[in-house]
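Shown next, in structure tokens, is the structure this report addresses.
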Amino acid sequence: MSPTIPLLLTAGLGLVALAASEPTDGPGEAPGVRGLPAKDAAPLLDDPEVVVLDIRTPPEVAQARLRDEQLHIDMHEPDFADQVGELDREARYVMYCRSGNRSGKARALFEQLGFQDVVDVSDGIIGWVDAGLPIQQG
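Quick note: the working numbering has the sequence shown finishing at residue 203, numbered continuously throughout.
As structure tokens, this is what we get:
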């Protein structure tokens, strides 16, 4: 089990502690909030119903992204938890950041809020590129 690295966000939901991600789950895991490496998460983007959620900063998003049509919520914004709280908890999400660090920490928030189906790209867009998967240029 990884050590807890707290990141505190103040929001309308109160104080939310985000912890470092747990070990990555396998591709056959049941829905819930879980991590998958880019190579295993990539096929999920074939489903047009999947919401791709980019939690990087605007300059990072401007460089490259996984899909032209995606949702962007900057994890560094003070109202990040509020914005996540407004999302549909029953939609299917693929969430990513640059390296998997921020999205791994954000998993705890999605779990706490009761999201049903969130896949964290555990190695981020860096892992996506390293796996030779397609990206969209900024």
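Note that CB positions come from ideal geometry on N, CA and C, so glycine has one too.
Would you decide whether residue i is buried or exposed? Buried here means 16 or more other CB atoms lie within 10 Å of its CB.
i, result
"Asp-111", "exposed"
"Gly-179", "exposed"
"Ala-127", "exposed"
"Gly-100", "buried"
Name, in chain order, the residues that DSSP records as bridge partners for residue i.
i, result
"Gly-100", "Asp-185"
"Val-55", "This structure does not reach residue 55, given that the chain is present from 66 up to 203, and the question cannot be answered."
"His-141", "None; His-141 has no bridge partner."
"Gln-202", "Ala-129"
"Val-159", "Val-117 and Val-184"
"Leu-136", "Leu-118"
I'd like the span of the alpha helix (DSSP H) that includes residue i, first residue to last.
i, result
"Leu-118", "Where Leu-118 is concerned, there is no enclosing alpha helix (DSSP H), although the beta strand (DSSP E) it sits in stretches over 116-119."
"Pro-123", "123-128"
"Phe-180", "No alpha helix (DSSP H) holds Phe-180; DSSP gives it neither H nor E."
Starting from residue i, follow the beta strand (DSSP E) in both directions and report where the run begins and ends.
i, result
"Arg-172", "Element bounds for Arg-172: not the beta strand (DSSP E) but the alpha helix (DSSP H), 166-177."
"Arg-163", "Arg-163 -> no beta strand (DSSP E), and no H or E assigned at all."
If you draw a straight line from the C-alpha of residue i to the C-alpha of residue j, how long is it?
i, j, result
"Gly-192", "Gln-177", "26 Å"
"Pro-96", "Ala-146", "21 Å"
"Asp-144", "Ile-138", "9 Å"
"Ala-106", "Asp-119", "14 Å"
"Gln-181", "Gln-135", "19 Å"
"Gln-201", "Cys-162", "14 Å"
"Gly-197", "Asp-153", "31 Å"
"Ala-156", "Val-149", "12 Å"
"Asp-195", "Lys-104", "9 Å"
"Ala-173", "Gly-203", "29 Å"
"Leu-109", "Arg-130", "15 Å"
"Glu-272", "Pro-199", "With the chain covering only 66 through 203, there is no way to say anything about residue 272."
Open item on the list: Whether or not the segment 155-169 and the segment 180-194 are in contact is what I'm after, with contact meaning three or more pairs of Cβ atoms, one per stretch, closer than 8 Å; do they touch?
Closed with: Taking 8 Å as the limit for Cβ pairs, the verdict is that the segment 155-169 does touch the segment 180-194.
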